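Enquirer: A single structure is presented below for examination.
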Amino acid sequence: MYMKNHWYVAAWSDELGSEPLALTMLDEDVLLYRKRDGTPVALENRCAHRRVPLSKGRIVGDEIQCGYHGLVYDSAGACVKVPGQARAPRGTRVKSYPVIERHAFVYVWMGDPEDADEASIIDFPRLDHPEWGVTKLHLHIEANYLLLIDNLLDLSHVAYLHDTTIGNAPVAEDAEVIHERHGDTVRVTREMVDVPAARTYAEFGSHPGNFDRWQLAEWRPPAYFLINNGSEGTGARKPGRYRVFDQGEWGFQVYHGITPETRRSTHQFWAIAYELSAVPKESRPEFHRQCHQVIREDVAIYEAQQRSLDSDPEGATPENVNERVRIRFDEGLLQAREIIARMSKDEAAEKKGEPISG
Ligand code: FES
Ligand SMILES: [Fe+2]
Numbered sequence: 040m041y042m043k044n045h046w047y048v049a050a051w052s053d054e055l056g057s058e059p060l061a062l063t064m065l066d067e068d069v070l071l072y073r074k075r076d077g078t079p080v081a082l083e084n085r086c087a088h089r090r091v092p093l094s095k096g097r098i099v100g101d102e103i104q105c106g107y108h109g110l111v112y113d114s115a116g117a118c119v120k121v122p123g124q125a126r127a128p129r130g131t132r133v134k135s136y137p138v139i140e141r142h143a144f145v146y147v148w149m150g151d152p153e154d155a156d157e158a159s160i161i162d163f164p165r166l167d168h169p170e171w172g173v174t175k176l177h178l179h180i181e182a183n184y185l186l187l188i189d190n191l192l193d194l195s196h197v198a199y200l201h202d203t204t205i206g207n208a209p210v211a212e213d214a215e216v217i218h219e220r221h222g223d224t225v226r227v228t229r230e231m232v233d234v235p236a237a238r239t240y241a242e243f244g245s246h247p248g249n250f251d252r253w254q255l256a257e258w259r260p261p262a263y264f265l266i267n268n269g270s271e272g273t274g275a276r277k278p279g280r281y282r283v284f285d286q287g288e289w290g291f292q293v294y295h296g297i298t299p300e301t302r303r304s305t306h307q308f309w310a311i312a313y314e315l316s317a318v319p320k321e322s323r324p325e326f327h328r329q330c331h332q333v334i335r336e337d338v339a340i341y342e343a344q345q346r347s348l349d350s351d352p353e354g355a356t357p358e359n360v361n362e363r364v365r366i367r368f369d370e371g372l373l374q375a376r377e378i379i380a381r382m383s384k385d386e387a388a389e390k391k392g393e394p395i396s397g
């Protein structure tokens, strides 16, 4: 079950050029293209005539023409032309989706178009800030999206999975961890005081020896993350230091827009943003390389975990995997799972006209 009444990332802005772009989101086949003025359009990627993907066709002005028998649809999904006849059969159309472009993302509203609320789009101002550098990827992952949420709300894994770059043992063993919930947002803050710097921090940051370090992971439904990785010299940190966009003396932000593709696959829009002054130009290729290594290590784990679940003799699934063994650092992700379950249930109830939970 998906939470549909939300904006989901469909593409990075620069992925959507002059050609139609097809992708599956929440089990729905979606077509994206740009009108002549650059405005993005999102339509069902299935011709009303014989169900051929419209992405096999071509963009004609502000419209899209099916590549099979040439039916033309406007940007609202109405069929405006059938070659060889005066007009289209009444009501011939494909579904259209609300779409918005902001901060380098193209977002599509997957729920009832009536409910699409632009104000609910999350702000990622560092993605297009002139003083910030960004490295980003659109990853296609053969795993359920819930496994990604679990990963990002328990960053103790950084100690083991990323132990040749951003991680070392103190990240799991010496961290003070605070789990907070603000409405439907879950925030997990991990603070490590007077610990040795892991490789990436030692190489690019200002403290090659011991320092204070923090990770602040904030999850917002349905599947967005803003992660603040910060550090300072031991003893220099002021109380109340932790804010989502403040990484202290040296650090970087990590953003994730996570879009379920199917129950077993996911689009992950991942970006690292850093102040240009924090990483000198000549160091950026190596810094990016280390960041990319980290996300590739995560992808390999998600996919291995999904394959292991696929053949689990006890029937564990991405949905119930956390009901088995629970450890202390699971608290944040269990809260997120609870919110997802409640929101999904409320959406289903609303659809049926039943009362929703208070
Ligand atoms: S299938 Fe699209 S025009 Fe026939
Ligand atoms: Fe990771």
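Quick note, the sequence shown lines up with residues 40 to 397 if you use the working numbering. Every residue gets a Cβ at the ideal spot worked out from N, C-alpha and C, and that includes glycine. As the structure is a prediction and not an experimental result, all values here were calculated from the model.
Once the 5 residues before and after T298 are set aside, which same chain residues still bring their CB inside 6 Å of it?
Expert: Y47, V48, M64 and H306.
Enquirer: Please determine if the stretch 266 to 275 and the stretch 239 to 255 are in contact, where contact requires at least 3 C-beta pairs separated by less than 8 Å.
Expert: yes
Enquirer: Counting C-beta neighbours from all protein chains within 10 Å, is the total for F284 16 or more, i.e. buried, or is it exposed?
Expert: The residue is exposed, with fewer than 16 neighbouring Cβ atoms inside 10 Å.
Enquirer: The alpha helix (DSSP H) with M382 in it runs from where to where?
Expert: Taken as a continuous stretch (DSSP letters only), the alpha helix (DSSP H) holding M382 covers E370 to K391.
Enquirer: In this structure, does DSSP put Q307 in helix, strand or coil?
Expert: strand
Enquirer: Please list, in chain order, all residues of the same chain as A155 whose beta carbon is under 6 Å from its beta carbon, the five residues on each side excluded.
Expert: P137 and W148
Enquirer: Nearest-angstrom Cα distance between E230 and A61?
Expert: 42 Å
Enquirer: Got a sec: does ligand 2 put a non-hydrogen atom nearer than 7 Å to the Cβ of D189?
Expert: no
Enquirer: Buried or exposed for R85, going by 16 or more other Cβ atoms inside 10 Å?
Expert: buried
Enquirer: Is it right to say Q124 is buried, meaning 16 or more other beta carbons lie within 10 angstroms of its own, or is it exposed?
Expert: exposed
Enquirer: Alpha carbon to alpha carbon, how far is P209 from E271? Give it in angstroms, no decimals.
Expert: Note on geometry: alpha-carbon atoms of E271 and P209 lie some 16 Å from one another.
Enquirer: L55 lies in the beta strand (DSSP E); which residues open and close that run?
Expert: Taken as a continuous stretch (DSSP letters only), L55 belongs to no beta strand (DSSP E), as it is neither H nor E.
Enquirer: Please report the straight-line C-alpha distance between P169 and E336, rounded to a whole angstrom.
Expert: 30 Å
Enquirer: At a cut-off of 7 Å, would you count L70 as near ligand 1, judging by its Cβ distance to the nearest heavy atom?
Expert: no
Enquirer: What are the boundary residues of the beta strand (DSSP E) that H295 is part of?
Expert: F291 to T301
Enquirer: Within its chain, find whatever has a CB closer than 8 Å to the CB of Q345; leave out the 5 residues flanking it on each side and keep chain order.
Expert: Closer than 8 Å at Cβ, skipping near neighbours: E181, A182, N183, L186, R303 and P357.
Enquirer: Between R259 and T228, which are expected to be in contact by the criterion C-beta below 8 Å, what is the C-beta distance as a whole number of angstroms?
Expert: With a Cβ gap of about 15 Å, R259 and T228 do not count as contacting.
Enquirer: Taking DSSP's pairing of strands, which residues face H177 in a bridge?
Expert: F308
Enquirer: Taking the C-alpha atoms as reference points, what is the distance between Y107 and P122?
Expert: The alpha-carbon atoms of Y107 and P122 are separated by roughly 11 Å.
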